[in-house]
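Peer 1:
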Amino acid sequence: MYRFLLTPRWLLLHAVAVAAVAGCLLLGWWQADVYQDSSGRHELRDREPVAVTELASPGAELGDGADRQAVATGEYLPEQQQIVPSRVHDGTLGSFVVTPLLTDDGMVVPVLRGWVDDVDDAGVAVPAGEVTVTGYLLAPETPDHATVRTGQELEDGRMAYIAPDQLAQRAGVSESTALHGYLLLRDEAPAPGAAPVVLDVDAVDPIRDVSPWQNLSYWAQWWVFALAAVVFWASIVRNGIRTRRRGAEPSPDDVSAPAASHAPS
50 MYRFLLTPRW LLLHAVAVAA VAGCLLLGWW QADVYQDSSG RHELRDREPV
100 AVTELASPGA ELGDGADRQA VATGEYLPEQ QQIVPSRVHD GTLGSFVVTP
150 LLTDDGMVVP VLRGWVDDVD DAGVAVPAGE VTVTGYLLAP ETPDHATVRT
200 GQELEDGRMA YIAPDQLAQR AGVSESTALH GYLLLRDEAP APGAAPVVLD
250 VDAVDPIRDV SPWQNLSYWA QWWVFALAAV VFWASIVRNG IRTRRRGAEP
300 SPDDVSAPAA SHAPS
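Here the numbering used here = 1-based position in the sequence shown + 49.
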């Protein structure tokens, strides 16, 4: 009776149903992961700052240190300062100012000190002496972040994006001694007389904000779709079985015909 469910056409139906259910379940879990990742990163950024050496090591990936607030004490290396051109802040085109900081522990921390609309501005000047900076540890930028033309030759003191390879090529900062990422400045002590505009971390490295209720509704919708796919498949199978049962049962005419043939004339 049920062997028809193993015919090629029915096997294709089963495969489509399984794929639909699996796809809906995966999309539901993906929505849950998006929310957890978003809320988790916000939570990391809200933690109290700790020493940069507790979160990162020279030349190593940031890993769990990304998005954390860190504190570093040392002296800026003015000769290695780099300008990252063509960066927009509040709708105005300007440049990022990245200055390597040699910490007391010997690590070189690239510090994104902020933004200037004019590279000749006094804010580009590097503060002298020992400073303590507090900011957010962010992963290196990629070539996709570059806003200069591909293949464009940059003059000395400029780099296309903030990454260890760029600092090594443009500023001579060894990747083995440098933080694999950068510190987005939030506070600096002592405060310099003139400084770039401090950038908001959510503007530099935005986190996809996901409303928990909106995300929960999307998650539930995909799971409802998965359940609907199961119900639809079960309904088709049930109808198929009913159809074949009706075909196997003798009709009323077939049952009455033999009785009529034996009736006395």
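Virtual Cβ for every residue (Gly too), placed ideally from N, Cα, C.
Predicted, not measured: the structure shown is a model, and the values here were computed from it.
By Cβ distance, which residues of its chain are closer than 6 Å to G123, with the 5 residues on each side in sequence left out?
Peer 2: Taking the sequence shown and counting its residues from 1, one reaches residue 123 at position 74. Answer for G123: L150, L151, T152, D153, listed in chain order.
Peer 1: Please report the residue range of the alpha helix (DSSP H) in which A252 lies.
Peer 2: Residue mapping note: residue 252 aligns to position 203 of the sequence shown, counting from 1. From DSSP, the alpha helix (DSSP H) with A252 extends over 250-253.
Peer 1: Just to check my reading of the structure: A188 and L111 have Cβ atoms closer than 8 Å, yes? What is that Cβ distance to the nearest angstrom?
Peer 2: Numbered from its first residue, the sequence shown carries residue 188 at position 139. Numbered from its first residue, the sequence shown carries residue 111 at position 62. The pair is a contact, with the Cβ atoms about 6 Å apart (cut-off 8 Å).
Peer 1: Along the beta strand (DSSP E) that carries Q118, what are the first and last residues, could you check?
Peer 2: On the sequence shown, residue 118 is found 69 positions in, with the first residue counted as 1. Unbroken beta strand (DSSP E) run through Q118: 118-125.
Peer 1: When you compare each of A252, A115, W282, V280 to D139 by their alpha carbons, which one comes out closest?
Peer 2: Counting from 1 along the sequence shown, the entry for residue 139 is found at position 90. Among A252, A115, W282, V280, the Cα nearest to that of D139 is on A252.
Peer 1: Can you give the Cα-Cα distance for L13 and L93, rounded to whole angstroms?
Peer 2: With the chain running from 50 to 314 in the structure shown, residue 13 is simply not present.
Peer 1: Just mark F281 as buried or exposed, buried being the case when its beta carbon has 16 or more other beta carbons within 10 Å.
Peer 2: In the sequence shown, residue 281 corresponds to position 232, counting from 1. Exposed, since its Cβ has fewer than 16 Cβ neighbours within 10 Å.
Peer 1: Do P159 and A227 have their C-beta atoms closer together than 8 Å?
Peer 2: Numbered from 1 along the sequence shown, position 110 holds the residue referred to as residue 159. Numbered from 1 along the sequence shown, position 178 holds the residue referred to as residue 227. It is a contact, given that the beta carbons lie within the stated cut-off.
Peer 1: Between which two residues does the alpha helix (DSSP H) holding P192 run?
Peer 2: Counting from 1 along the sequence shown, the entry for residue 192 is found at position 143. Counting along the chain, P192 falls outside any alpha helix (DSSP H), and DSSP gives it neither H nor E.
Peer 1: Leaving out the 5 sequence neighbours to the left and right, which residues in its chain are closer than 8 Å to A109 when beta-carbon positions are compared?
Peer 2: Within the sequence shown, residue 109 is the residue found at index 60, counting from 1. If we look at A109 and ignore the five residues flanking it on each side, its Cβ neighbours are H229.
Peer 1: Find out if the Cβ-Cβ distance for the pair L232, L161 is shorter than 8 Å.
Peer 2: For the purposes of this step, residue 232 is taken as residue 183 along the sequence shown, with counting starting at 1. For the purposes of this step, residue 161 is taken as residue 112 along the sequence shown, with counting starting at 1. Taking 8 Å as the Cβ cut-off, L232 and L161 qualify as a contacting pair.
Peer 1: Can you tell me which of the three DSSP states T141 falls into?
Peer 2: Reading the sequence shown from its first residue, position 92 is the one you call residue 141. Of the three classes helix, strand and coil, the one that applies to T141 here is strand, per DSSP.
Peer 1: Per DSSP, what are the beta-bridge partners of Y185 in this structure?
Peer 2: Walking along the sequence shown from the start, residue 185 turns up at place 136. Q118, L233, per the DSSP bridge assignment.
Peer 1: Going by DSSP, what residue range makes up the beta strand (DSSP E) through V159?
Peer 2: Taking the sequence shown and counting its residues from 1, one reaches residue 159 at position 110. Looking at the sequence provided, one finds Pro at residue 159 rather than Val. That run of the beta strand (DSSP E) goes 157-165.
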